[in-house]
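Engineer: I have a structure here, written as structure tokens, and I will follow up with some questions on it.
Protein chains: 2
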Amino acid sequence: MVTRDEVAREAGTSTAVVSYVINNGPRPVSAAARKRVLDAVAKLDYRPNELARSLSSASSSVIGLIVPDVTNAYCGELALAVENSALARNHTLLLGNAMHDDERQARHLQTFLAQQVQGIVFIGSTYGDEMFRPETKRVLQGSKTPLVFLDRSTTEFGATSVLVDNRGGAYAATSHLLEHGHTSIAGFAGSSGLSSVRERRDGWADALIARGLDPADQQTFESAFDRYDAFAVARVMFANGNWPRAIFSHSDEQSIGIFYAAAQAGIRVPEDLALVSFDGIKEAAIVNPGLTTARQPIARVGELAVDQLLAAKAGTPSELRQEMLPVTLEIRHSCGCH
Amino acid sequence: MVTRDEVAREAGTSTAVVSYVINNGPRPVSAAARKRVLDAVAKLDYRPNELARSLSSASSSVIGLIVPDVTNAYCGELALAVENSALARNHTLLLGNAMHDDERQARHLQTFLAQQVQGIVFIGSTYGDEMFRPETKRVLQGSKTPLVFLDRSTTEFGATSVLVDNRGGAYAATSHLLEHGHTSIAGFAGSSGLSSVRERRDGWADALIARGLDPADQQTFESAFDRYDAFAVARVMFANGNWPRAIFSHSDEQSIGIFYAAAQAGIRVPEDLALVSFDGIKEAAIVNPGLTTARQPIARVGELAVDQLLAAKAGTPSELRQEMLPVTLEIRHSCGCH
DNA sequence: TTGAAAGCGCTAACAA
DNA sequence: TTGTTAGCGCTTTCAA
């Protein structure tokens with residue numbers, strides 16, 4: 618392994634100068650010296666040891682990302698968006714799947730902290746109504762590592778969050794179904810406890826109320842934010858003779874589970890059941906029928922997450938904190954359009 | 618931040634002793650001293666800096682994982698399997714999505730190397746018939762970092778691989794379709810250049826030949842290993858009046874894309890089109906109809922990948938290298954059964 | 001503009 | 001069984 622010392626020797630300079638040119642600072646370097654160093658670097662194929670750099674500079678180019686489960690299409694797309702954004706800023710991702718297990722989440726968290734990550738991005742982290750169990754909270758409280766929550770508004774632990782207009786999106790989606798003439802719209806919600814679920818439920822209720830309908834009169838269902846659990850819940854739902862004719866589902870993943878259950882039960886979408894949902898994952902465009910959904914700006918969310926993290930580390934009291942991103946209703950055919 | 622020095626002071630021992638108890642070696646420590654250290658650690662809530670440990674010990678608890686695209690269900694499940702396995706051995710994952718872009722892949726690779734990862738696991742890495750572009754090869758050649766290829770047999774760069782019985786699985790899947798009485802079976806292949814694609818194509822051909830059928834007489838299609846590209850290819854396929862009545866598709870992801878295209882074209886599975894595929898992702902069980910597929914032991918693949926990596930680092934000339942894992946035909950309804 | 005040198009937090013060889 | 005100490009590869013202060 619080639620080290621900085623060898624480069625310095627080859628270039629005939631001190632090791633400090635090598636650092637100055639590699640880091641482009643903090644001291645100026647003469648053009649001649651810079652060239653000699655660069656030549657030596659090329660000749661020896663020198664690659665700085667990031668570990669040593671981080672240790673010495675007390676800063677790292679690694680960002681931790683904790684997701685519930687990458688296997689989930691929405692999480693996967695978000696993780697990819699975060700990676701794209703991290704890459705653009707010369708950072709890498711340490712990934713942890715929490716798998717809806719708070720012990721596993723805590724473990725990832727501690728590992729990331731021990732690895733001296735630059736910051737940690739959390740996606741949809743919640744256990745019960747609390748975000749973390751007490752032990753985890755203590756760890757977080759004692760750390761100065763920047764935290765960013767996606768889709769979860771909180772300023773605990775000095776965290777920042779990237780928010781999307783859950784309530785507005787749910788309102789738009791539900792209203793669209795109402796405009797199709799439906800007079801009752803079931804709510805197929807994500808796991809309670811999540812603020813996004815509360816907000817989407819509120820948007821759905823708002824839309825009903827705006828039409829003089831009572832949310833309390835509607836059927837409601839609940840499943841985890843994934844196609845498998847939604848599939849299981851939907852099967853039970855369809856087994857009941859009285860299944861709803863219109864549904865606002867809290868996520869595309871859940872909608873896909875509902876689609877599968879409907880297909881199995883011989884129920885046609887949108888003829889027998891109209892469906893709209895939330896997220897706007899890629900798959901919404903190719904499922905049959907195309908899924909009408911309130912689309913989140915996923916790429917933008919990933920971008921802001923990394924921006925906020927780096928701003929927090931830099932100590933910049935970013936105006937980005939708690940920004941609320943817009944959600945757009947993407948109309949396809951599951952709602953009955955066409 | 619609490620350091621080892623503070624722990625030593627609190628425990629009234631030397632810093633070496635603190636290291637010995639934390640690392641459980643390499644020197645023995647008296648029970649009394651151990652207790653004092655442990656108490657100090659607990660009292661101060663000390664957490665070792667992994668960066669410093671790695672730098673000093675020239676070994677790391679981080680493993681790099683390069684996948685084509687986590688957004689792909691198969692990749693996601695494999696990534697999760699690798700994480701599970703890494704977690705069980707107290708390691709963490711640095712994740713990189715190559716996105717079918719060799720420059721991006723090379724970048725991840727270099728970053729991982731700079732981060733001094735313990736080793737790198739590659740999933741389905743191929744560009745053209747080569748695995749890497751020349752520049753990347755040079756980097757790899759110059760590195761002593763253990764490499765593990767999933768589903769790609771090679772011993773270049775001193776790498777190890779975890780193989781599955783692609784040919785046998787494809788043979789079993791195709792044969793099953795043949796037993797249903799089909800006299801021609803189209804091949805819906807993954808991207809050429811991948812060894813797994815070659816092997817699955819061979820297995821399909823073997824089965825046809827065993828029945829006296831000529832593979833050259835069959836229709837063949839090709840798409841990337843994902844539902845989106847398969848969807849696009851399948852749409853064109855169905856637009857042609859002469860679409861096949863039985864297909865062996867190289868992956869479940871592709872089968873799902875075919876399902877979507879079929880649904881859109883009003884083609885029923887399995888009545889109008891019988892389908893079998895490969896991989897055995899979770900979703901195969903809930904799609905409609907259930908997907909008959911040659912299932913890979915995904916969890917076991919992830920386990921072996923990490924085992925081989927750590928064995929390689931330890932210098933253990935592992936007997937695990939190049940092990941070939943069995944594939945099981947999982948019969949559901951897409952083939953026409955029931 | 002450059003160089004010498006003191007760390008960053010930890011491991012482990014060596015001496016006791 | 002314990003302590004001292006020399007690094008690991010790099011950053012950055014301080015003096016030149």
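Going down the list, the protein sequences come from chains A and B.
Per my numbering, the very first residue in the first sequence carries number 618; after that it's consecutive.
Per my numbering, the very first residue in the second sequence carries number 618; after that it's consecutive.
Where a beta carbon is used, it is the ideal one built from N, C-alpha and C, also for glycine.
Does the beta-carbon of Pro943 of chain A have 16 or more other beta-carbons within 10 angstroms, so that it is buried, or is it exposed?
Structural biologist: Per the 10 Å Cβ criterion, exposed.
Engineer: Tell me which residues share the same chain as Gly736 of chain B and place their Cβ nearer than 8 Å to its Cβ, disregarding the 5 neighbours each side in the sequence.
Structural biologist: For Gly736 of chain B, where only same-chain residues beyond five positions count, the Cβ hits under 8 Å are Ile680, Gly681, Thr762, Pro763, Leu764, Val765, Leu926, Leu927, Ala929, Lys930.
Engineer: Classify Asp896 of chain A as helix, strand or coil using the three-state DSSP reduction.
Structural biologist: Reduced to three states, the DSSP call for Asp896 of chain A is strand.
Engineer: With distances taken between CB atoms, is the gap from His797 of chain A to Gly953 of chain A smaller than 9 Å?
Structural biologist: Closer than 9 Å, so yes.
Engineer: For Thr709 of chain B, does the three-state DSSP call read helix, strand or coil?
Structural biologist: Three-state result, Thr709 of chain B: strand.
Engineer: Would you grab the beta carbon distance between Val687 of chain A and Asn714 of chain A for me? Rounded to a whole angstrom, and I think it's under 8 Å.
Structural biologist: Yes, Val687 of chain A and Asn714 of chain A are in contact; Cβ-Cβ is about 6 Å, under 8 Å.
Engineer: With distances taken between CB atoms, is the gap from Asp869 of chain A to Glu839 of chain A smaller than 9 Å?
Structural biologist: Result no, Cβ atoms of Asp869 of chain A and Glu839 of chain A do not sit closer than 9 Å.
Engineer: Using a Cβ-Cβ cut-off of 9 Å, state whether Gly713 of chain B counts as contacting chain A.
Structural biologist: True, the Cβ-Cβ gap to chain A drops below 9 Å.
Engineer: Can you pull the chain B residues whose beta carbon is under 7 Å from the beta carbon of Thr762 of chain A, in chain order?
Structural biologist: Within 7 Å Cβ-Cβ: nothing; Thr762 of chain A doesn't reach chain B, min ~11 Å.
Engineer: For Glu720 of chain B, decide whether its Cβ has a neighbour in chain A, counting only Cβ atoms nearer than 9 Å.
Structural biologist: Chain A, which has no Cβ nearer than 9 Å to the Cβ of Glu720 of chain B, makes this no.
Engineer: Give the DSSP-derived three-state secondary structure of Glu940 of chain B in the structure shown.
Structural biologist: DSSP places Glu940 of chain B in coil when its eight states are reduced to three.
Engineer: Taking all protein chains shown into account, do 16 or more other C-beta atoms lie within 10 angstroms of the C-beta of Ser631 of chain A, making it buried, or fewer, making it exposed?
Structural biologist: Exposed, since its Cβ has fewer than 16 Cβ neighbours within 10 Å.
Engineer: Taking Cβ positions only, does Asn905 of chain B come closer than 9 Å to chain A?
Structural biologist: For Asn905 of chain B, the answer is yes, since a Cβ of chain A falls inside 9 Å of its Cβ.
Engineer: So Pro887 of chain A packs on Pro906 of chain A, CB below 8 Å; how close in whole Å?
Structural biologist: Rounded, the Cβ-Cβ distance is 6 Å, consistent with contact.
Engineer: With 16 other CB atoms within 10 Å as the buried threshold, where does Glu773 of chain B fall?
Structural biologist: Per the 10 Å Cβ criterion, exposed.
Engineer: Please confirm whether Gly810 of chain A and Phe848 of chain A have their CB atoms less than 9 Å apart.
Structural biologist: Cβ distance not < 9 Å, so Gly810 of chain A and Phe848 of chain A don't count as in contact.
Engineer: Decide yes or no for the touch test of the stretch 909-917 of chain A against the stretch 782-795 of chain A: beta carbon pairs closer than 8 Å, at least 3 of them.
Structural biologist: The answer is yes - the stretch 782-795 of chain A touches the stretch 909-917 of chain A, with three or more Cβ pairs under 8 Å.
Engineer: Out of B:Arg917, B:Ala891, B:Ser813, point me to the one whose CA is closest to His950 of chain B's CA.
Structural biologist: That would be B:Ala891, whose Cα lies nearest to the Cα of His950 of chain B.
Engineer: Count the C-beta pairs between the stretch 618-628 of chain B and the stretch 789-809 of chain A that are closer than 8 Å, then say yes if the count reaches three, no if not.
Structural biologist: At 8 Å Cβ cutoff, the stretches do not touch.
Engineer: For chain A, find out if any of its Cβ atoms is closer than 9 Å to the Cβ of Pro887 of chain B; answer yes or no.
Structural biologist: Pro887 of chain B does not count as touching chain A.
Engineer: Please classify Gln758 of chain B: is it buried, with 16 or more other beta-carbons within 10 angstroms of its beta-carbon, or exposed?
Structural biologist: Result: exposed.
Engineer: Could you name the residues of the same chain whose beta carbon sits closer than 8 Å to that of Cys692 of chain A, not counting the 5 residues immediately before and after it, in chain order?
Structural biologist: Excluding sequence neighbours, Cys692 of chain A sits near Val684, Pro685, Asp686, Ile740, Gly741.
Engineer: Cutting at 7 Å between CB atoms, please list the residues of its own chain near Ala878 of chain A, excluding the five before and the five after it.
Structural biologist: Closer than 7 Å at Cβ, skipping near neighbours: Phe848, Ala851, Arg852, Phe855.
Engineer: Taking the alpha-carbon positions, what's the Ser702 of chain B to Ser677 of chain B distance?
Structural biologist: Near 16 Å, if we compare the C-alpha coordinates of Ser677 of chain B and Ser702 of chain B.
Engineer: Put Arg912 of chain A into one of helix, strand or coil per three-state DSSP.
Structural biologist: Of the three classes helix, strand and coil, the one that applies to Arg912 of chain A here is strand, per DSSP.
Engineer: Could you check where the alpha helix (DSSP H) with Ser673 of chain B kicks off and where it finishes?
Structural biologist: Its alpha helix (DSSP H) spans residues 667-674.
Engineer: Does DSSP classify Val560 of chain A as helix, strand or coil?
Structural biologist: Outside the displayed span of chain A (618 to 955) sits residue 560 of chain A, for which this structure offers no information.
Engineer: Please list, in chain order, all residues of the same chain as Gln733 of chain A whose beta carbon is under 7 Å from its beta carbon, the five residues on each side excluded.
Structural biologist: Excluding positions up to five away in sequence, the list reads Ser671, Ser677.
Engineer: Kindly list the residues whose CB is nearer than 8 Å to the CB of Asp622 of chain B, restricted to its own chain and excluding five residues on each side of it in sequence; keep chain order.
Structural biologist: Contacts found: Thr632.
Engineer: Against chain B, with Cβ distances strictly below 9 Å, would Thr709 of chain A count as a contact?
Structural biologist: It does: the Cβ of Thr709 of chain A has a partner Cβ on chain B nearer than 9 Å.
Engineer: Taking a contact to mean a Cβ-Cβ separation below 9 Å, would you say Gly820 of chain A touches Tyr788 of chain A in this structure?
Structural biologist: Contact flag set, yes.
Engineer: Take Asp662 of chain A and list the residues in its own chain whose beta-carbon comes closer than 7 Å to its own, dropping the five residues that flank it on each side.
Structural biologist: The answer, listed in chain order, is Val619.
Engineer: Going by CA-CA distance only, name the one from B:Gln835, B:His955, B:Phe842, B:Glu816 that's closest to Met941 of chain B.
Structural biologist: With distances taken between Cα atoms, Met941 of chain B lies closest to B:Glu816.
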